[in-house]
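Here is the structure we will look at, set down as structure tokens.
Shown next, in the form of structure tokens:
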């Protein structure tokens, strides 16, 4: 009898230990999921790309925030299945935080009461000049673009694009063509006055001013900072975006300074940044709005579609926040790894 009870006791103790291990494992999985997604949410909401020592990791990681937000319900469901309600609540709060950062881009926002002339802006990254010239000319014609911003515009591409008829539609230009990815250019229906070059940028980012019929002055910059892929380029990227001029008259004088009275500013190009990067949001906070975000198209990818890895929204048209956005289109561009971006704006 003594031996029998001892065996039963051993068996009972083994079951208890297995149950304890199972409970611990379920807790570890449930809380681990909440903590993993929570760490990402903390990185996003703490402006991780601007934190010293962390930015070189955070900048590329934050670019995939919409995809992380889309998977955020996973730890909630896992915690519920594992019967860990506290972990489910924590994961739910994390999910809410990530979705709050991302979902507004898919919802049209309010528009200012702009009643000025319209401005049609087209922007395209040409991937070392290999984008299809005929497609660009066709888009300029179909969109009736007033101004075109080209990035990755090397010297050897100029003859191809102008020979395809670009200057027949947009006869005025300010270009800074360079080898590889560093060149950019502006083409316009209206005479352009070149503005002083931004002094410290690594890539060409030409700026110009033109006057619309009726006398409204517009300044536009072709934007293309270096991508933040290592410690050195991270600093260059921050500086390049920080060098850009401020937008509306409500903007602070930090960065490029407050705009002149009577001038509407537009920044168009490949920013190598998404709206999840604090560096870009800081620029927008200086008097701009993102055109695609304004009309609920801020999650449509502009780069990497059809390639390995997640497509990202890194091309933007930033407009003086006093302008209204009437239309935004993201358009395929054969030969390039980017899509073209068109925005129809109404000036204040």
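In UniProt numbering, the protein residues as written are 1 to 348.
Every residue, glycine too, gets a C-beta built ideally from N, C-alpha and C.
- DSSP lists no beta-bridge partner residue for residue 190.
- Put simply, the backbone Cα of residue 188 is about 17 Å away from that of residue 125.
- Judged by their CB atoms, residue 87 and residue 35 are not nearer to each other than the 7 Å cut-off.
- Secondary structure of residue 197 (DSSP, three-state): coil.
- For residue 342, no alpha helix (DSSP H) encloses it; the enclosing beta strand (DSSP E) starts and ends at 340 to 346.
- Rounded to the nearest whole angstrom, the CA to CA distance from residue 338 to residue 109 is 26 Å.
- Following the DSSP letters along the chain, one finds residue 97 inside the alpha helix (DSSP H) bounded by residues 85 to 102.
- Taken in chain order, the whole beta strand (DSSP E) runs of length 3 or more contained in the region 137 to 168 are 147 to 151.
- In the three-state reduction of the DSSP assignment, residue 66 falls in the helix class.
- Closest by C-alpha distance to residue 186, out of 122, 84, 68, is 122.
- Assignment of residue 303 by DSSP, reduced to helix, strand and coil, places it in the strand class.
- Of the candidates 280, 166, 118, 280 places its Cα closest to the Cα of residue 242.
- The DSSP-derived three-state label of residue 128 is coil.
- Measuring C-alpha to C-alpha distances from residue 323 to each of 182, 332, 266, 66 identifies 266 as the nearest.
- The continuous alpha helix (DSSP H) containing residue 233 extends over residues 231 to 243.
- In this structure, the alpha-carbon of residue 345 lies about 32 Å from that of residue 179.
- Approximately 7 Å separates the beta-carbon atoms of residue 166 and residue 136; this is inside 8 Å, confirming the contact.
- Our two residues, residue 39 and residue 52, have alpha carbons roughly 17 Å apart in a direct line.
- Taking the Cβ atoms as the reference, residue 276 lies roughly 6 Å from residue 44, within the contact range of under 8 Å.
- Of the candidates 191, 158, 291, 103, the residue whose Cα lies closest to the Cα of residue 209 is 191.
- Within the same chain, and ignoring the five residues on either side of residue 80 in sequence, the residues whose Cβ sits closer than 8 Å to its Cβ are 88.
- Take residue 118, set aside five residues on each side of it, and the residues of its chain with a beta-carbon closer than 6 Å to its own are 346, in chain order.
- Boundaries around residue 265 are those of the beta strand (DSSP E), 263 to 270, since no alpha helix (DSSP H) includes it.
- Taking every protein chain shown into account, the CB of residue 307 has fewer than 16 other CB atoms within 10 angstroms, so this residue is exposed.
- Three or more pairs of CB atoms, one per stretch, sit closer than 8 Å, so the region 281 to 300 contacts the region 312 to 326.
- Residue state for residue 72 is assigned as coil, using DSSP reduced to three classes.
- For residue 279, the enclosing alpha helix (DSSP H) begins and ends at 278 to 284.
- Distances from the CA of residue 73 to each of 94, 268, 162, 42 were compared; the closest alpha carbon is that of 94.
- Counting along the chain, residue 294 sits inside the alpha helix (DSSP H) bounded by residues 291 to 294.
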